[in-house]
Amino acid sequence: MKKIFFLLISGLTFSVSHSQEVSDAMRYAQDNLTGTARFRAMSGAFGAVGGDLSSMSVNPAGSAIFSNNQVGITLSNQNIKNNSNYFETPSSDKDNSFILNQAGGVFVFHDRNPNNNWKKIAIGATYENTNNFNNNLFSVGTNPTNSIDKYFLSYANGIELGNIKNIPYEDQLYNQQQARFGYYGFVINPLAENDKNTQYTSNVPTGGNYYQENRIYEKGYNSKLSFNIATSYKDRIYFGANLNVHVTDYRRSSSFYERNDNPLQATATISDLEFNNELYTYGNGFSFQLGAIAKVTESFRLGLAYESNTWYELYDELSQSLYTTTQAANQPENYANVNPNIVNVYEPYRLQTPGKVTFSAAYVFGKSGLISIDYAIKDYSNTKYKPTNDVGFRKLNSDMSNQLTTNGELRVGAEYKISRLSLRGGYRFEGSPYKNGTTIGDLNSYSGGFGYNFGGTKVDLAYSYLERKSSQGFFATGLTDPANITSKLNNVSLTVLFEL
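Note that the sequence shown covers residues 1 to 500 in the working numbering.
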């Protein structure tokens, strides 16, 4: 049975949680294009268009474009395939999921007084699954030089052996726990067998050519519940605001395996091992949005929107286990099972993801169709873990400030109407949030779809394709050799809308 405990840390000397990484922050800082099928078919270029339930997620003034009340629901099927290349060895894995992508409604209240310039008020509420975390990734290859021993050595060196052996696992800090796994799994050895020893050596045989596998299974979601209000002035200028509540639930299971066939020695050395990590992160956040749309002419519109930082409060739970095989020359194999059967439940921490500014323009060809373009700017280097005076977070925030950069996102969409049938298409490009341009690369996406208006009911269908490359190390410290990943995502969305 698993024992749950709280890792309480006094003062501000150490991080209040386990060892967070830049990639953990990026999981919540990056946007994922979701929403109604019409919205997705036009690649989300709705900042100056409005009149769509998901347009409010770009520019909250968009709800004031509605003429009638509307409610709708969107279902999506998402398929993601990850092709990995690790030291010239290709591999792949994929995941398919079916989700409730979007649901919501807008209610429009008209002012019929001809002397009042404020013509209407729109009130809306929407739910969106802003990020579907379901994903599988498998990487395999033979590393010519580096073993996982470097991971455990990076944590162990500097820690007294007595703290590794004599402090119960449930009372140890995260770095002490990692050193404990390495020590009791016989991956590392102390230079001296006394409690004051702080230096360690590897028990992995030299010679390189370490066969390594890394499996990652991810599940969960990041959702947003938005409350919207908007109004129009003389039906020429539209203003709106959103209050957003974010909820996240993320599970990540990873299993690393390493084997080597190097010659056995007189003393026992590691021949293979398996290191497992189970992470569960959950919490909630808050953000707000402000926006405006102006009809420059009856056909030409401009939009401007601001999305604030999102302030999260997050909780982490982590369990780990290590299984190793050691063997000496002319001796049988020995097995070590280092599994505390304990879930670390950490103190909550805060994460601030960056805000965004979106500039938009659209040209409406009467009732025949439209073309629109959005350009958004986000400074990822402003991502911060809090409290910022925490020693661990201060270093991590400095890393993010140095590694991350400001990027731009371009969205272009078009729609052409043939009587009750609407044909749609779009393109989306997003630059890398990293200065090196490779840890997470540029994003390219293409989309298309159609819709049919039955009168009081509308049905829309959309298909979108996304491709992005990344370079991911198995661990943030020690063994950091990256696998090159190409992710390809296919999404089909169906929306049913009702005008009330």
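Where is the CB? At the ideal position from N, CA and C, for every residue including glycine.
Remember, predicted model here, so these are calculated numbers, not experimental data.
query	result
By alpha-carbon positions, which one of L443, Q172 and P144 ends up nearest to V32?	Position check: residue 32 holds Asn in this sequence, whereas Val was assumed. The shortest Cα separation from N32 among L443, Q172 and P144 belongs to L443.
How would you call K378, buried or exposed, if buried means at least 16 neighbouring beta carbons within 10 angstroms?	buried
Give the DSSP-derived three-state secondary structure of F359 in the structure shown.	strand
In the DSSP assignment, what are the bridge partners of F256?	N214 and F275
For L318, which of helix, strand or coil comes out of DSSP?	strand
Name, in chain order, the residues that DSSP records as bridge partners for Y446.	Y427 and Y465
What's the call for L7, buried or exposed, on a 16-neighbour Cβ count within 10 Å?	Interpretation of L7 is limited by its pLDDT of 40, a score under 50 that renders its predicted location unreliable; the figure taken from the coordinates is listed afterwards. Buried, by the Cβ-count rule.
Can you look up G392 in the DSSP assignment and give me helix, strand or coil?	helix
Taking DSSP's pairing of strands, which residues face R251 in a bridge?	K219 and Y280
Are the CB atoms of R252 and L279 nearer to each other than 9 Å?	yes
Just to confirm my understanding: we take A509, look at its own chain, exclude 5 residues before and 5 after, and list those with CB closer than 7 Å. What are they?	Here the chain has residues from 1 to 500 only, and residue 509 is not among them.
Does DSSP put G478 in a helix, a strand or coil?	coil
Please report how far the alpha carbon of A305 lies from the alpha carbon of L290, in whole angstroms.	6 Å
Given a threshold of 16 other Cβ atoms within 10 Å of its Cβ, counted over all protein chains shown, does A192 qualify as buried or as exposed?	exposed
Using a Cβ-Cβ cutoff of less than 7 Å, which residues in the same chain neighbour Y86 once the five nearest sequence positions on both sides are dropped?	S139, V140, G141 and A483
Label E347 either buried or exposed according to how many other C-beta atoms from any shown protein chain fall within 10 Å of its C-beta, with 16 as the threshold for buried.	exposed
So what's N244 in DSSP terms, helix, strand or just coil?	strand
May I ask which residues mark the beginning and end of the alpha helix (DSSP H) holding S518?	Any property of residue 518 remains undetermined from this structure, which presents the chain solely from 1 to 500.
Given that a residue counts as buried once 16 or more other Cβ atoms are within 10 Å of its Cβ, and exposed if not, what is D390?	buried
Are Y416 and R428 closer than 9 Å when you measure CB to CB?	no
For F66, which of helix, strand or coil comes out of DSSP?	coil
The alpha helix (DSSP H) spanning G141 covers which residue range?	First-last for G141: N135 to N143, but that is the beta strand (DSSP E), not the alpha helix (DSSP H).
So N146 and Q199 are in contact, right, with Cβ under 8 Å, and what is the actual spacing, rounded?	In fact, because the Cβ distance is near 20 Å, the residues do not count as touching under 8 Å.
Who does G72 pair with in a DSSP beta bridge?	G104 and L497
Using 8 Å for Cβ pairs, my map puts Q212 next to N166. What's the rounded Cβ distance?	Incorrect: roughly 33 Å between the Cβ atoms, too far for contact.
So, with DSSP's three-state summary, where would you put F239?	strand
Which residue comes first and which comes last in the beta strand (DSSP E) that contains A305?	F300 to E307
Please check the pair L53 and V106, which I expect to be a contact at CB under 8 Å, by giving their CB distance rounded to whole angstroms.	7 Å
Any idea which residues DSSP pairs K94 with across the strands?	K81
Got a sec? Which residues, its chain only, sit under 6 Å from Y210 by beta carbon, not counting five neighbours each side?	N143, S147, E258 and N260
If the criterion is Cβ atoms closer than 9 Å, does the pair D460 and V58 meet it?	no
Which runs of the beta strand (DSSP E) fall wholly inside the segment 185 to 210 and span at least 3 residues, in chain order?	188 to 190 and 200 to 202
So, are the CB atoms of N116 and Q78 less than 9 Å apart?	no
Let me check understanding here. Comparing Cα to Cα, which of T457, P263 and D316 lies closest to Q20?	D316
Hey, how far is the Cα of V357 from the Cα of A230?	18 Å
Answer yes or no: do Y335 and T324 have a C-beta to C-beta separation smaller than 9 Å?	yes
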